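Chains as they are written, first to last, in our numbering: chain A, 24 to 238; chain B, 531 to 755.
Don't be surprised by glycine CBs; every beta carbon is placed ideally from N, CA and C.
This one's a predicted model, so the numbers in the text were calculated from it and none came from an experiment.
The block underneath contains the structure these notes are about, expressed in structure tokens.
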Amino acid sequence: MTRVLGWLAVVALLAGLAVGFGVAPREVTQGNVQRIMYVHVPSVLVAYLAFAVVFVASVAYLARRAEAADRIAHASAEVGVLFTGITIATGSIWGKPTWGTWWTWDARLTSVAILFVMYLGYLLLRGMVEDRERGARYAAVLGIVAALNVPLVHFSVVWWRTLHQPPSLLKPGTPTIASAILAALLVNVLAHALLYAYFLAKRVRILRREQEASA
Amino acid sequence: MTYARRAWAVVWKDLLVERRSKETLNALFFFSLLLLFVFQFTLGPDRERLAAVLPGLLWLGFILSGLLGLGRTFLVERENDCWEGLLLAPGDKSAIYVGKLAGNLLLMLVVEAVLVAMFVVFFNVDVGGVWPGLALVIVLGTIGFAAVGTLFAAMTAQVRARELLFPVLLLPVQVPILLATVKATEAVLLGEPLAAVADWLKLLVAADLIYVVVGVLTFEFVLEG
């Protein structure tokens, strides 16, 4: 099952590369640099998905005390932090030629950076609590607080400042984006989601084996 | 005992301990004074430059003294092996959270009042006409800060590197509160009406509500053992 997921992710990523470079047109003002969007945007969407999974799994753990839910929360947070890191890295590479700077305290950059440190703290807490059951409970509470904090972070930094191009995909009305580019983007979103599912399944299994070995 | 009385018992116990030992408050007052020295020495004597960053400095002072004060919330119980006492307390465990939160709120507001007074004296801040607005912003910000701080203090109390982990967990979560309070404080100190910062105040109220409710609902899972 996991292996199938892995191969599906590989195929989808290859297809994503193919449409990203082959089918999607060269963007008029930004040129080829814009193609990094096919990694940047899917990464951030998947990161948000991962943290939503952490939230749901955390609530489930506190309600049911199922160790499986705890493992899913743990694994999803790790993969989410990875994709947030990819988002920040690709964003920097994109920002340098288009905005002329690697980093700026723009609203959306700031909120992703805060997300990154919030969940790094989550992983740090996981690593520092020795007792496994206690660690799972604490992490679940933090997972809930962090997820509920996301909208507050979003509004506060948007009011604080903004420079990022406004969203062209997730907004009311029809997307302001050429259909070929949109198609390439959607293929890549699917590919990244599959990659996330594969990483998650793999990590959950490793965590289970670790716990079995130490039990 | 009713819920409120159980919460009050926690507040009363902590106040009594503090009155007899005078550990936390005295040290925090002294720490706040030292912070002013540090701000002055690192930013230089230029009054205009200080005035420009004043709201940020004020909240930096609150946050730093708050981190020290809040981090100690459950130290009395831990050091004196009274953790089981909290566990054995009858009824809803969230009453303990409410009590601890009320105590922390009291502690922080006292320290903050002293800090503001020291800012008035040392940095020549004029709070004459704006103090009601300033007080509102400070109280709203402190509720959110203390609500998460109390919850995280319980979480880190039993962890090895707690004095390190506590700020590392708390600071990223506090970003919305920090942005809102600094912006609102800036506007209030410039003499703008509260209506000008209504958005920030609403955000603070929403954050306070969310944090307190989450704290009340999840505290029993943290306390468990």
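Strand pairing of residue i, partner residues [DSSP]
| i | result |
| --- | --- |
| A:G29 | Note: A:G29 sits in no beta bridge, so no partner. |
| A:E50 | A:G54 |
As assigned by DSSP and simplified to three states, the class of residue i
| i | result |
| --- | --- |
| B:E609 | helix |
| B:E754 | coil |
| A:D93 | helix |
| B:D738 | helix |
| B:K630 | helix |
| B:R690 | coil |
| A:K225 | helix |
| A:W117 | helix |
| B:N654 | coil |
| A:D129 | coil |
| B:Q570 | helix |
| B:P723 | coil |
| B:A643 | helix |
| A:E153 | coil |
| B:G493 | Residue 493 of chain B lies beyond the range of chain B shown here (531 to 755); nothing can be said about it. |
| B:M648 | helix |
| A:T124 | coil |
| B:T532 | coil |
| A:V200 | Sequence check: residue 200 of chain A is Ile here, not Val. Note: A:I200 maps to coil in three-state DSSP. |
| A:M24 | coil |
| B:Q704 | coil |
Cut-off 8 Å between Cβ atoms - residues of its own chain near residue i, not counting five sequence neighbours on either side
| i | result |
| --- | --- |
| A:I116 | I59 |
| A:A224 | M24, T25, L28 |
| A:R228 | T25 |
| B:G721 | G659, V660 |
| B:L605 | A687 |
| B:G599 | T554, L558, N634, L637, M638, V641 |
| B:F749 | K623, S624, I626, Y627, L681, A684 |
| A:W126 | S115, G118, L132 |
Within chain B, partners of residue i - CB distance below 8 Å
| i | result |
| --- | --- |
| A:R160 | F751, V752, E754 |
| A:P167 | Sequence inspection shows Ile at residue 167 of chain A; the Pro mentioned does not correspond to that position. By Cβ distance, chain B contributes V744, T748. |
| A:I137 | P702, V705 |
| A:G45 | Near A:G45 there are no residues of chain B at all, since even the closest Cβ is about 41 Å away, more than 8 Å. |
| A:L85 | T748, F751 |
Under 8 Å from the C-beta of residue i: neighbouring residues of chain A
| i | result |
| --- | --- |
| B:P585 | What B:P585 touches in chain A: nothing, since even the nearest Cβ is about 14 Å away. |
| B:M685 | L148, Y161, V164, L165 |
| B:L636 | Residues of chain A passing the Cβ test: none, with the nearest at roughly 23 Å. |
| B:V678 | V168 |
| B:L516 | No answer is possible for residue 516 of chain B: it lies beyond the span of chain B, which begins at 531 and ends at 755. |
| B:L558 | The contacting residues do not exist; B:L558 stays about 25 Å from chain A at best. |
| B:L566 | Going along chain A, no residue has its Cβ under 8 Å from B:L566, so there is no contact; the nearest lies around 27 Å. |
Contacting residues, own chain, Cβ-Cβ under 6 Å from residue i (five flanking each side not counted)
| i | result |
| --- | --- |
| B:L636 | none |
| A:T133 | V180 |
| B:A717 | A726, V727 |
| B:G745 | Y627, A677, L681 |
| B:V689 | L695 |
| B:Q570 | none |
| B:V742 | A677 |
| A:I109 | S66 |
| A:A130 | V180, V181, R184, T185 |
Interface residues of chain B facing residue i [CB-CB closer than 9 Å]
| i | result |
| --- | --- |
| A:W128 | None at all; the shortest Cβ gap to chain B is about 11 Å. |
Within chain A, the residues that residue i reaches when beta carbons sit closer than 7 Å
| i | result |
| --- | --- |
| B:A691 | M151 |
| B:V768 | This structure cannot speak to residue 768 of chain B, because chain B is shown only from 531 to 755. |
| B:L698 | In the sequence under discussion, the amino acid at residue 698 of chain B is Val, which differs from the Leu named in the question. Within 7 Å Cβ-Cβ: G144, L147. |
| B:L600 | Neighbours of B:L600 on chain A: none; closest Cβ ~15 Å, over 7 Å. |
Per-residue contacts from residue i into chain B (C-beta, under 7 Å)
| i | result |
| --- | --- |
| A:M141 | P702, V703 |
| A:F106 | Chain B residues near A:F106: none, gap ~18 Å exceeds 7 Å. |
Neighbourhood of residue i by C-beta distance below 7 Å, restricted to the same chain and skipping five residues each side
| i | result |
| --- | --- |
| A:H215 | P65, S66, V69 |
| B:D622 | Y533 |
| B:L613 | The question names Leu, but residue 613 of chain B in the sequence shown is Trp. Excluding sequence neighbours, B:W613 sits near E607. |
| B:F649 | L588, V655 |
| B:L566 | M648, F652 |
Where residue i meets chain A, residues with beta-carbon distance less than 9 Å
| i | result |
| --- | --- |
| B:L737 | Correcting the residue identity first, residue 737 of chain B is Ala in this sequence and not Leu. Chain A residues near B:A737: N172, L175, S179. |
| B:I593 | The contacting residues do not exist; B:I593 stays about 15 Å from chain A at best. |
| B:L733 | L175, F178, S179, W182 |
| B:L605 | Residues of chain A passing the Cβ test: none, with the nearest at roughly 18 Å. |
| B:L617 | Under the 9 Å cutoff, chain A gives no residues; its nearest Cβ is about 13 Å from B:L617. |
Residue i beta carbon near the ligand ZN (any heavy atom closer than 6 Å)
| i | result |
| --- | --- |
| B:L563 | The ligand ZN is not among the ligands present in this structure, which contains no ligands whatsoever. |
Positions along the stretch 709-730 of chain B whose CB lies within less than 9 Å of some CB in chain E: Here chain E cannot be found, since the structure's protein chains are A and B.
Name, going along the chain, the residues of the stretch 171-184 of chain A whose beta-carbon falls closer than 8 Å to a beta-carbon of chain B. L171, N172, L175, V176, F178, S179, V180, W182, W183
With 8 Å as the limit, tell me which residues of the stretch 648-676 of chain B have their beta carbon closer than that to any beta carbon of chain A; keep them in chain order. none
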